[in-house]
Amino acid sequence: MNTNESIQNVIDNCLRNASDQMNDLPKLPFDKNFNIIPASLTTTFKNEKFLQFDSGPGDHRLLIFASINQLRILEGTEEILIDGTFKVTPIIFTQLYTIHGVYRNNIFPLVFAVLADKQQQTYQ
Numbered sequence: 013m014n015t016n017e018s019i020q021n022v023i024d025n026c027l028r029n030a031s032d033q034m035n036d037l038p039k040l041p042f043d044k045n046f047n048i049i050p051a052s053l054t055t056t057f058k059n060e061k062f063l064q065f066d067s068g069p070g071d072h073r074l075l076i077f078a079s080i081n082q083l084r085i086l087e088g089t090e091e092i093l094i095d096g097t098f099k100v101t102p103i104i105f106t107q108l109y110t111i112h113g114v115y116r117n118n119i120f121p122l123v124f125a126v127l128a129d130k131q132q133q134t135y136q
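Given below as structure tokens:
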């Protein structure tokens, strides 16, 4: 088999699998007043808690995600890096706020929060 063909087969298989997994994801809500967050989004594949905080339905909704292991690593980090981005959030949220930690000379994404606004009280 030609090497280029086998690489293309791997790429095609990955794309097909990703497409199948996308079809299994729950639909995104249309507003911040949704009551139920599907269990598949609140726990890890190991069935550990992933959704650490939900401020509840409303215009100022805040969701914070991190695994227990990520929180343990955060406790032992040498340095914390924080970033907020506005271009990759679900449409009903304003910002994706991430906390990364330097741990054993590597940088790990550790906490993910989706914020409904850019108000100072939200960051506090």
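Taking our numbering, I'd label the letters of the sequence shown as residues 13 to 136. The C-beta atom is built at its ideal place from N, Cα and C for all residues, glycine as well.
Report buried or exposed for residue i, applying the criterion of at least 16 other Cβ atoms within 10 angstroms of its Cβ.
| i | result |
| --- | --- |
| Gln107 | buried |
| Met13 | Residue confidence is low: Met13 scores 47 on pLDDT, short of 50, so the model does not pin down where it sits. Its coordinate-derived value is still stated next. When all chains shown are included, Met13 counts as exposed. |
| Lys61 | exposed |
| Gly70 | exposed |
| Gly113 | buried |
| Ala78 | buried |
| Arg73 | buried |
| Arg28 | exposed |
| Gln133 | exposed |
| Gln20 | exposed |
| Gln131 | exposed |
| Gln136 | exposed |
On the premise that residue j lies in contact with residue i, defined as a C-beta separation below 8 Å, what is that separation, rounded to the nearest angstrom?
| i | j | result |
| --- | --- | --- |
| Leu7 | Leu75 | Examination of residue 7 is not possible in this model, given that the chain is present from 13 through 136 alone. |
| Ile111 | Ile80 | Ile111 to Ile80, Cβ: 15 Å. No contact. |
| Lys44 | Ala128 | 6 Å |
| Tyr115 | Thr89 | 5 Å |
| Pro167 | Val123 | Here the chain covers residues 13 to 136 and nothing more, so residue 167 does not appear. |
| Ile104 | Pro50 | 15 Å between Cβ atoms; not a contact. |
Could you tell me the boundaries of the beta strand (DSSP E) in which residue i lies?
| i | result |
| --- | --- |
| Thr110 | Gln107 to Tyr115 |
| Ile104 | Per DSSP, Ile104 belongs to no beta strand (DSSP E) and is neither H nor E. |
Between which two residues does the alpha helix (DSSP H) containing residue i stretch?
| i | result |
| --- | --- |
| Gln132 | Gln132 to Tyr135 |
Could you please give me the residues that DSSP links to residue i through a beta bridge?
| i | result |
| --- | --- |
| Ala125 | Ile76 and Tyr109 |
| Ile119 | Val114 |
| Leu93 | His112 |
Sequence ranges, beta strand (DSSP E) only - wholly within the segment 31-91, length at least 3: 63-66 and 74-77
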